[in-house]
Amino acid sequence: MSIIYLNGSYLSDGEARVSVNDRGFLFGDGVYEVTPAYRGTLFQMEGHLGRLRDGLAALRIDFDPSGLPAMHAELLERNGLTDEEVAYVYVQVTRGAAPRTHAFPKVPVAPTVYAFASRYARPAPDVWARGFDAVTVPDRRWGRVDIKSIALLPNVLAQQAAVDAGVMDAIFVRDGVAIEGAHSNFFAVFDGVVVTHPHSNLILPGITRDVVIELARGAGIPVELRPIFVEDLARADELFFTGTTTEVRPCVRVDGRPVGDGAVGPVSRALFDAFLETVGEAARAPIGAGSPTP
9 MSIIYLNGSY LSDGEARVSV NDRGFLFGDG VYEVTPAYRG TLFQMEGHLG
59 RLRDGLAALR IDFDPSGLPA MHAELLERNG LTDEEVAYVY VQVTRGAAPR
109 THAFPKVPVA PTVYAFASRY ARPAPDVWAR GFDAVTVPDR RWGRVDIKSI
159 ALLPNVLAQQ AAVDAGVMDA IFVRDGVAIE GAHSNFFAVF DGVVVTHPHS
209 NLILPGITRD VVIELARGAG IPVELRPIFV EDLARADELF FTGTTTEVRP
259 CVRVDGRPVG DGAVGPVSRA LFDAFLETVG EAARAPIGAG SPTP
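Oh and the sequence shown: position 287 is 295 in this note's numbering, straight run, nothing missing.
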């Protein structure tokens with residue numbers, strides 16, 4: 009059994025108990041964050057904390073996340089993950105347990121804070137080099153996708169559609185625009201230009217996404233923030249996804265049709281190599297040190 013964190017205590021996952029009155033259980037009333045660790049060093053921790061703070065503020069959940077880096081490090085240590093090439097820590101904060109009413113509790117309650125650490129299995133190099141397939145699905149999510157809410161049923165259904173189709177990823181489509189993946193951000197490459205959807209309430213502001221954008225710009229690869237129309241996917245040279253548990257993942261077929269020549273392209277390869285170099289530098293930093301910003 010793994011060691012988890014729950015409301016100030018470290019205990020085995022089999023011992024953990026959450027109230028049936030918890031608003032996360034009843035309403036999906038909460039936010040979450042997933043932070044990677046490379047050989048025990050948390051990567052882009054400040055970015056993940058910032059996004060969590062934004063979500064807590066948007067939902068008006070009173071919780072100070074400043075102690076989370078120490079808790080994350082402790083979970084990695086207790087679960088024997090400090091020497092793991094790649095691991096991650098998941099943390100979830102709900103409004104807490106209260107009698108079931110749609111409005112916030114009249115008497116404030118303590119939030120429920122839960123976290124666990126786990127290994128991340130990166131695809132083998134030969135598997136990555138072959139690329140991955142995706143399907144398009146309608147985007148039925150709510151209007152504040154920029155909040156990393158625990159209410160993920162549309163994402164669950166989208167990812168299951170990918171599983172049912174025997175592929176790795178699903179691409180959300182809204183009003184003819186390929187917006188992002190079921191649990192990742194989405195990029196296209198047109199004539200050497202990297203394109204991804206601009207920041208808005210319709211996409212999650214990905215931490216890995218921002219790292220990859222900066223890596224592209226640092227390598228002299230042009231980047232444009234604009235909508236990617238589904239009808240333009242047929243002329244894209246490359247497609248790829250980014251995310252904490254995605255890193256940089258090339259997509260070589262969408263809905264059964266090849267992307268470009270059907271092989272992983274040079275821009276995806278270059279950005280993944282640059283990302284691996286960046287996280288390798290982070291992993292060589294002293295344990296507990298912050299990760300470099302590319």
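The beta-carbon is built from N, C-alpha and C at its ideal position, and this holds for glycine as well.
As assigned by DSSP and simplified to three states, the class of residue i
i      : result
Thr49  : strand
Arg277 : helix
Ala190 : coil
Val272 : coil
Pro302 : Its pLDDT being 29, under 50, Pro302 is placed unreliably in this model, and the coordinates cannot settle the point.
Phe112 : coil
Glu303 : Residue numbering for the chain in the displayed model covers 9 to 302; residue 303 lies beyond these limits and cannot be assessed.
Pro266 : strand
Asp183 : coil
Ala170 : helix
Val202 : strand
Asp154 : coil
Phe237 : strand
Gly72  : Position check: residue 72 holds Asp in this sequence, whereas Gly was assumed. Coil at Asp72, not helix or strand.
Glu23  : coil
His207 : coil
Val287 : helix
Val164 : helix
Arg59  : helix
Ala129 : coil
Leu67  : helix
Ala242 : helix
Proximity winner among the options, relative to residue i (alpha-carbon distances)
i      : options                        : result
Phe180 : His207, Phe237, Pro131         : Phe237
Arg148 : Ile187, Tyr128, Ala142         : Ile187
Ala227 : Ser192, Ala278, Asp263         : Ala278
Ile143 : Arg86, Phe280, Val171          : In the sequence on display, residue 143 carries Val and not Ile. Measuring from the Cα of Val143, the nearest candidate turns out to be Val171.
Val115 : Val121, Ala123, Tyr122, Ala106 : Ala106
Thr120 : Val197, Ala65, Val101, Tyr128  : Val101
Gly288 : Asp91, Val260, Met176          : Asp91
Asp263 : Gln168, Asp177, Gln52, Leu14   : Asp177
Phe194 : Gly174, Arg217, Val175, Leu210 : Arg217
Gly32  : Val94, Phe112, Arg47, Pro73    : Phe112
Val39  : Val26, Phe71, Tyr46            : Phe71
Val202 : Arg130, Ala224, Ile215, Pro213 : Ala224
Ala166 : Val272, Val145, Ala242         : Val145
Thr253 : Ala24, Pro266, Arg86, Phe51    : Phe51
His5   : Gly174, Ala125, Asp154         : Outside the displayed range of the chain (9 to 302) lies residue 5, so it cannot be described from this structure.
Gly251 : Pro274, Gly22, Arg130          : Arg130
Ser276 : Pro266, Ala290, Ile229         : Ile229
Ser192 : Val28, Phe248, Ser74           : Phe248
Gly104 : Asn29, Leu64, Val164           : Asn29
Ala282 : Glu222, Val42, Thr43, Val272   : Glu222
One or two residues paired with residue i in a DSSP bridge
i      : result
Leu247 : Ala196, Cys259
Tyr13  : Tyr18, Ala123
Pro44  : Tyr96
Thr252 : Answer is none; Thr252 lacks a bridge partner.
Ala178 : Val143
Gly38  : Thr102
Asp30  : Ala105
Endpoints, the alpha helix (DSSP H) within which residue i is located
i      : result
Val219 : 215 to 226
Glu82  : 76 to 86
Leu233 : Where Leu233 is concerned, there is no enclosing alpha helix (DSSP H), although the beta strand (DSSP E) it sits in stretches over 231 to 233.
Beta-carbon separation (whole angstroms), residue i vs residue j, contact threshold 8 Å
i      : j      : result
Gly48  : Leu84  : 6 Å
Gly270 : Ala244 : With 8 Å as the limit, Gly270 and Ala244 do not qualify as a contact, their Cβ atoms being about 12 Å apart.
Tyr46  : Ala123 : 18 Å between Cβ atoms; not a contact.
Ala81  : Leu89  : In fact, because the Cβ distance is near 10 Å, the residues do not count as touching under 8 Å.
Pro235 : Val185 : 4 Å
Val220 : Val256 : 6 Å
Ser17  : Asn87  : Not a contact, Cβ separation roughly 15 Å.
Pro274 : Phe140 : Going by Cβ atoms, the distance from Pro274 to Phe140 rounds to 17 Å, so no, they are not a contact pair.
Unbroken beta strand (DSSP E) run spanning residue i, endpoints
i      : result
Val135 : No beta strand (DSSP E) contains Val135, which is instead part of the alpha helix (DSSP H) from 133 to 138.
Heavy atom of the ligand GTP within 7 Å of residue i beta-carbon
i      : result
Thr144 : No copy of the ligand GTP appears in this structure; indeed no ligand is present at all.
Neighbour flag for residue i against chain D, beta carbons, 8 Å
i      : result
Thr254 : Note that chain D does not occur in the displayed structure, where there is just one protein chain.
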